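Below: the structure, in structure tokens.
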Amino acid sequence: MDSEMDYVARIHLKRNNDNVRKELVDFCLNGSKQYLALDWSRLSSDIKKDDFQEYYNRIKEESGRANSAINVFRDTKADDLFWTRDLNGNYWICRVRSQVEVVCDEYLDIGAIIPVEDYNIGMQVPGQIKSSFNRPRGGIVERIHDEIIIEYSKKIFNQMSKSKFYKVIPFEGSLLDNLPDFDLEELVISYLQIKENYYVLSNSIANKSTTIKIECEMISRDVDNPRKAVVQVKGRKAKELDTLCGSIN
Numbered sequence: 005m006d007s008e009m010d011y012v013a014r015i016h017l018k019r020n021n022d023n024v025r026k027e028l029v030d031f032c033l034n035g036s037k038q039y040l041a042l043d044w045s046r047l048s049s050d051i052k053k054d055d056f057q058e059y060y061n062r063i064k065e066e067s068g069r070a071n072s073a074i075n076v077f078r079d080t081k082a083d084d085l086f087w088t089r090d091l092n093g094n095y096w097i098c099r100v101r102s103q104v105e106v107v108c109d110e111y112l113d114i115g116a117i118i119p120v121e122d123y124n125i126g127m128q129v130p131g132q133i134k135s136s137f138n139r140p141r142g143g144i145v146e147r148i149h150d151e152i153i154i155e156y157s158k159k160i161f162n163q164m165s166k167s168k169f170y171k172v173i174p175f176e177g178s179l180l181d182n183l184p185d186f187d188l189e190e191l192v193i194s195y196l197q198i199k200e201n202y203y204v205l206s207n208s209i210a211n212k213s214t215t216i217k218i219e220c221e222m223i224s225r226d227v228d229n230p231r232k233a234v235v236q237v238k239g240r241k242a243k244e245l246d247t248l249c250g251s252i253n
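Numbering (our numbering), first residue to last: 5 to 253.
So this is what it looks like as structure tokens:
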């Protein structure tokens, strides 16, 4: 497949009831056919399976807006890629088989499904994917536009499916050049803790929605030479690198 991909998406498979959530995850990921699912089943009972626009309109009318979840489902087409996560913390890469279908499963609260081909890749994924699942107020569905994550996702799907389904665009440069910004931040902060004997002040870690330009504040473990530092990390896309933190007494 040679067509360009603008984003990959991540989706939470969540319900308020833990028992129902387990059944939902099993239904979506572990059956003979696999799906990604949205809720709002109360609005889908009398809609034809190919009339997603009617389902979309009802949700928009009830909530007063079109949220990111229904927008992503509406825009999804065959061969798009999604990430999801099961209750054991394993990450799954999912290739869309066909467009969204309207259904009505009131027990699992499913109002729409996307048929997918999925693979469990375990717990080791780039930090940017992990953080998209852990972000406060991140929503049910989120698009990830980072080109490195897109190419990584295509490569992982090819590996897991033992195919060359997606054309993967190689990146030039060193490993550090091609690390997503989030992973580069983690690498720098880990290095300073291990090699330079700092520890992170947990209440200083910058939220992704903040306008603060630093990632965190650190303090030295050396009681005979007390030091503080702040850390700022910018990846290769940054136009300029502001001054990285100084040590202060």
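Glycine is no exception: its CB is placed at the ideal position from the N, C-alpha and C atoms.
Computed from a predicted model, the values in this text were never measured in an experiment.
{"query": "Taking contact to mean 3 or more Cβ pairs, one atom from each stretch, closer than 8 Å, check whether the segment 92-99 and the segment 118-136 are in contact.", "result": "yes"}
{"query": "For L17, which option in E8, E146, V237 has the closest C-alpha, if you only look at C-alpha atoms?", "result": "E146"}
{"query": "So V104 and D83 are in contact, right, with Cβ under 8 Å, and what is the actual spacing, rounded?", "result": "About 14 Å separates the two Cβ atoms, so there is no contact after all."}
{"query": "Quick check: L42 and F86, are their CB atoms within less than 8 Å of each other?", "result": "no"}
{"query": "Which residue from L188, N162, L40 puts its Cα closest to that of D90?", "result": "L40"}
{"query": "Below 7 Å CB to CB, which residues in the same chain sit around I73 once its five sequence neighbours on both sides are set aside?", "result": "Note on identity: in this sequence residue 73 is Ala, with Ile being the wrong assignment. Only L42, G143, I144, V145 meet the Cβ criterion."}
{"query": "So which of F169, V227, V129, K171 has the shortest CA-CA distance to I153?", "result": "V129"}
{"query": "Go ahead and pull the three-state DSSP assignment for R141.", "result": "coil"}
{"query": "Would you kindly work out how many angstroms separate the C-alpha atoms of S36 and E66, rounded to a whole number?", "result": "34 Å"}
{"query": "So within the segment 39-120, which uninterrupted beta strand (DSSP E) runs reach at least 3 residues, ignoring any that extend past its ends?", "result": "85-89, 95-100, 105-109"}
{"query": "Identify every residue that forms a DSSP beta bridge with V204.", "result": "M222"}
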